[in-house]
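Protein chains in written order, with the numbering used here: chain A, 1 to 544; chain B, 545 to 1088. The C-beta atom is built at its ideal place from N, Cα and C for all residues, glycine as well. Below is one structure, written out as C-alpha cells, with a few remarks after it.
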C-alpha cells in the first residue's frame, strides 16, 4: 500500500503558551474579579513579547558535528536559529511557562535535527553516541513534566530530534483493524488520515491538538475516552524503535506468552531507551453515534460510587468523568460549561457513549438507571458543552498566568479503596502548603479515568503568584507528591515522569527496579545520550 | 485481615502423566480401532510401573549446602528422596512423558526446598547465589515447554523451589475488587477461597486443576474465558518478587504513566528474573448466569469470520472457540462432545456467556444474530458438553501414548490478516514432516482465544510413534516452528517459552531485545542461578 503523507500545513503551537495564538481569548472580567477578590491575584506577569526577548544558553555543539548531522538529513533539516532552539527548549508545564517569563536564560538544544526515516535516525544516534551529544526525541513538545528539556551536562552538546517529518500512515489492515503510523503525526492528523478510510483511534487527551502519536506512546498517554477505547498503551500492538545499539521490532500478535511483553518496556520510556519510529495501533470504525450527557450527584462521594459501579459491573460508558464539588461550582477550567443550568451545587459527572445505536442505547440505559438509583439528576447541555470545550482548558491558563495567578494541574491514580484518602491528602497538602506561603489556593479536582480496580484524580490549583512562582509551585508540588506517595497513589497517571517526577518515580518503583531499567538502557544506549535526566538519573558510563 | 490458609489435602498430580490417577480412563475400543486403522498405531509403549523404575542423574549438591538450606526452612522442608526429585524433574509436555518412558536417566533437581515466606525465599536465593546452585521456581509443575527441567551445567547443583506452602489468600479488597494471593495456590484452591466470599478470578486454562497462580503469572497464561475476563497478565495488578538482589514491589494502581510498566517485565519471565511471592489479582463477583452453546458453521473460515466480527464489533461472548473441520469431525480431544448430534461436518464453535442476566441476554442475542446471519445452526448439548469436559483433554493423552500413539499440541497467535496463512502453513509443515517420516498424522486445530486484532490457533497432532518418538516429535515441532516464524505468528500464545521455545523466542524478539533482557537479569540475578536455560540462554557471569 502506498505511503500517504500529509501536507505540512499544521498549525504552529504557541512558542510562549498553549495552542494556536489566534485562538487565545482574553480573561472575562467576571473571572478577573474572582481572582482579585477570592485569591488576592493582583500583579500581572506578562509573557515575553517575542522569541527574541528570551535568552538561551550558548550552544556548545562542535561545528563539525553539525556538519556530520547535516550530511545525514540534508543541511536544511538541521536548524540552530534562536527561535527554533527556543521552540524546542521547553514543554508546556506551568513551570516551563514561568521559566519563559522569568528572564533567566533557558537551557535549549544546540540544534534541532529533523530526520525523514528510521535509517536516518539510526545514523544520527550512532553519530551522537560517538561524539557524546545528548539527543532529546521531540514530538509535539507538549510535555508537562520536563520531558523535552535538554540536560546536557557532561555532553559535548545536545540536539532535539524533531519527528515532524515522520508523519504518514504507512499501512491500514482493515481485517485486523490495525494502522501502521509514523510517530510525528499529531492527534488530528492521524484522525484525519484514518477518518478518510472510516476509522478512528479513539485517543483524545487534552493535548490532542498538538501532541503526537510517538509522544502518546512514549509517555503512556490516556485519552478522555479511555474507558471505551483504552489508554494509548493498550492500543499499541507493535513498535519499531531506533536505538544507538540498533533496531528493536516488537509485537507480532495481540498478546503472546513469548516472554515478558517488551513493548511495555518502550511504552513509558519517554525517549530514554530508544526513538519510536513506527507504531502499529488498533483502530475502530468511526462510531455511528456519539452522545454526551451531564448528571449532577449530591456529592463527589456519591458520584464516585456510581462511576465505580458502572465500570465494575458494566456496561460502562465510553467517557466517565466526575468533578468534585469545588470544580463543579467554580468550573475554572471550563467557565461556561454549565452556565445555563439552574444550580451549581453537587458534583457534576460527564458520561459519553460512542458506538452503534443498539450498543449506545444499552449502555446509556444502564448508566441512566444507575444515576437515577443514586438520586442524580440530568444537567441539560452539560455533556455537549463538555464535548465542545474538551480541549480548551489549557488555553485559559496563559491569560491566568499573565494576570498574575499561579495555575497548574497534577494528577495521580490509585486503587478504589485508596481513592478517598488520596483525594483528601493531596487537597490538604496543597492547601496547607500554599496557605502557609501566604497564597491560599482554590483546589479543584475531577476523576478523569476509571478502571474496574481504581481511578485517577486530576487536580487544578490556582492561587496568587508570589515573587518566585517557580519555587512557590515547587514547594506545593513537593507537598502534593509526598501526600501521593504516602496515600498509595502513583506519581502520575498520564503525564509521565520526565525530569520533574524522576525522584518520585524512583521512590515508587524502588531502587532495584531502577537498576534493572538502567541496565537495559546501558544495552540499548551505551553512551547514555538518549534524553539524559529524563525518567532515570543519567548514569555516567564511559563513552563508546 | 487474617491470613486464610488452605488445608493441604490437595490431590496429587500423577507423577507419570496428567491429572488425578484415579480419574484416568482406559481408551475406548472404538478409538483404538481408529488409531490402528487410520494412523497405523500398533506398538504399545507403556509408562513405567513406578517411580522407582525411573533412573535419575546423581545429585551433586554439597551436603553442607543442603544443611544451610535446611537451616532456613527447617529440615523437613528440604527433601531429596527419589520420588520427590522425580516429581520435580519434568513438566507435562509429550516429550517429558516420552522421556519418562525412554529409560534414559532424567536430569532431576538435587533437592526440593519448600519455603514458607518471601523472606525465606530471599535467604534461599542469596545462599544459592553464593554457592552457585541453580534454582528452579516450581508451582504446579504443569509446564509443557520445559519450564521446570533443571539445567545445572556449570552449577554446584540445583534445587527446585516448591511454592506449595505459599498458598493463602492474604487480603480481599472488595471495593477495588482485588485479592492479594500467594503464588502456590492452585486454580481450584484460589477459586474455592475466593468463592467463599462470592468472587472469582475467571481464569480457567486447561491446566486449571493443577497449575498455580504463580505459574499463571510467570508464564502469561490465558484461560478459556479470556474474551470475558482477560488473560492472566491482564488480571495481575501488583506483584511482590524475590530476587537474589532483593525485593521488587510493583504496581500501586490499575494503570500509570510512571515509566515502563515493570509488572510486564516479571509477567512472562518464567522464574528467570525472580520468584513471584505475592500477586494482587483482579476478582469479579461470581456470575449469576453461565450459558454455553454450540454452533455449527459451514466451514472454519466462515466461523472464524463470525468470531472476528463478534469480538471486533461487540458485544463479545465470554468464551469463544472454534474447531476446524478436522477437529469437529474427529474430536479427538473430546470424543463424546458432540456424540449425540446428527452430523459431524462443518466447524463447531463454542460460545459462553457469563454475567448477570441482562448482560448475558444482550450479548447472547448479538451472537445468535451473528451466527444465524452466517448460516450457522445450533448444536444441541455441545456447549454443556464442552463445559463438562473442559479440563479433560490431557487425561486422554496418557492412554494414547501408552497405546503407541504420538500425541502433542502446539499453539500460536497472530493478527487476523495473517491467520489463514498461519493455519495453512503450520498444518502443511506438520503433515509434510510426519508423512516424510512414515507416520502420516491427523491434525486438528481450533481457535482458542480471540482479540479484536487477532486470534490464537491451537493444534493437536496425532500419529504413530516411531522408534525414537522424542526425535520424531522434535522434527515435527521444528517444522511447525519454522512455519510459524515465516507466517508471522508468535512462537507461543499461552504455553510460554521454557527451554523448548528459547531459540524461536530469540529469533522472534531479536538479539537486541534479548540483550536488554539479559542485562536486566544480570542486575536482578547476578550469579545467574534463576531457572538457567529457561527463556534466555544462560550467560556465564562471574560468581558474586
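- If you look at residue 72 of chain A, you'll find it in the alpha helix (DSSP H) that goes 63-73.
- With respect to the 7 angstroms criterion, residue 525 of chain A and residue 115 of chain A are not classified as neighbours on the basis of their beta carbons.
- With fewer than 16 other CB atoms across the displayed protein chains lying within 10 angstroms of its CB, residue 373 of chain A is exposed.
- Around the beta carbon of residue 983 of chain B, a 10 Å sphere encloses 16 or more other beta carbons of the protein chains shown; the residue is thus reported as buried.
- Residue nearest to residue 699 of chain B within the set B:1059, B:1072 and B:990 is B:1072 (criterion: CA-CA distance).
- At least 7 angstroms separates the beta-carbon of residue 1035 of chain B from that of residue 304 of chain A.
- Excluding five sequence positions before and after residue 404 of chain A, the CB atoms of its chain that fall closer than 7 angstroms to its own CB belong to 41, 42, 43, 44, 45, 464 and 465, given in chain order.
- Taking C-alpha positions only, residue 607 of chain B is separated from residue 709 of chain B by approximately 24 angstroms.
- Residues of the segment 269-302 of chain A with a Cβ closer than 7 angstroms to any Cβ of chain B, in chain order: 269 and 282.
- For the segment 406-435 of chain A, the set of residues with a beta-carbon nearer than 7 angstroms to any beta-carbon of chain B comprises 413, 414, 415, 416 and 417, in chain order.
- Between residue 518 of chain A and residue 536 of chain A the beta-carbon gap is near 6 angstroms, inside 8 angstroms, which marks them as a contact.
- When C-beta distances to chain A are compared with 9 angstroms, the residues of the segment 703-721 of chain B below that value are 717, 718, 719, 720 and 721, in chain order.
- Remark: C-beta atoms of residue 189 of chain A and residue 287 of chain A do not approach each other more closely than 7 angstroms.
- Taking the Cα positions, residue 866 of chain B is about 9 angstroms away from residue 838 of chain B.
- Contact with chain B is absent for residue 224 of chain A, since none of that chain's Cβ atoms lies less than 7 angstroms from the residue's Cβ.
- For chain A, the residues of the segment 848-873 of chain B that bring a beta carbon within less than 9 angstroms of one of its beta carbons are 852, 856, 857, 858 and 859, in chain order.
- Rounded to whole angstroms, the gap between the alpha carbons of residue 894 of chain B and residue 871 of chain B is 13 angstroms.
- Counted as a single uninterrupted DSSP element, the stretch harbouring residue 717 of chain B is not any alpha helix (DSSP H) but the beta strand (DSSP E) occupying residues 712-717.
- About 18 angstroms separates the Cβ atoms of residue 213 of chain A and residue 804 of chain B, ruling out a contact at the 8 angstroms cut-off.
- Across the structure, residue 770 of chain B and residue 111 of chain A are spaced so that their CA atoms are roughly 49 angstroms apart.
- If you draw a 10 Å sphere on the C-beta of residue 196 of chain A, you find fewer than 16 other C-beta atoms in it, and that means exposed.
- If you look at residue 681 of chain B, you'll find it in the beta strand (DSSP E) that goes 677-682.
- Taking all protein chains in view, the Cβ of residue 179 of chain A is crowded by 16 or more other Cβ atoms within 10 Å, so the residue is classified as buried.
- Cβ-Cβ separation between residue 812 of chain B and residue 775 of chain B: approximately 11 angstroms, too far for a contact (criterion under 8 angstroms).
- Taking each of A:207, A:400 and A:15 in turn and checking the Cα distance to residue 49 of chain A, the smallest one comes out for A:15.
- Pairing residue 325 of chain A with residue 448 of chain A, the inter-Cα distance amounts to about 15 angstroms.
- DSSP places residue 507 of chain A inside the alpha helix (DSSP H), whose first and last residues are 502-509.
- For the segment 921-948 of chain B, the set of residues with a beta-carbon nearer than 7 angstroms to any beta-carbon of chain A is empty.
- A straight-line Cα-Cα distance of about 47 angstroms links residue 728 of chain B and residue 296 of chain A.
- If you check each beta-carbon in the segment 1008-1042 of chain B against every beta-carbon of chain A, the ones closer than 8 angstroms belong to 1032, 1033, 1034, 1035, 1036, 1037, 1038, 1039, 1040 and 1041.
- Annotation for residue 1039 of chain B: 688, 689 and 955 place their beta carbon closer than 7 angstroms to its own, counting only its chain and skipping 5 residues before and after.
- Around the Cβ of residue 254 of chain A, a 10 Å sphere holds 16 or more other Cβ atoms; the residue is buried.
- Annotation: residue 560 of chain B is outside any alpha helix (DSSP H) and is labelled neither H nor E by DSSP.
- Distances from the CA of residue 671 of chain B to each of B:1021, B:657, B:976 and B:651 were compared; the closest alpha carbon is that of B:657.
- When A:100, A:493, A:453 and A:399 are compared, the shortest CA-CA separation from residue 31 of chain A is found for A:399.
- By the rule that beta-carbons nearer than 7 angstroms mark a contact, residue 646 of chain B does not touch chain A.
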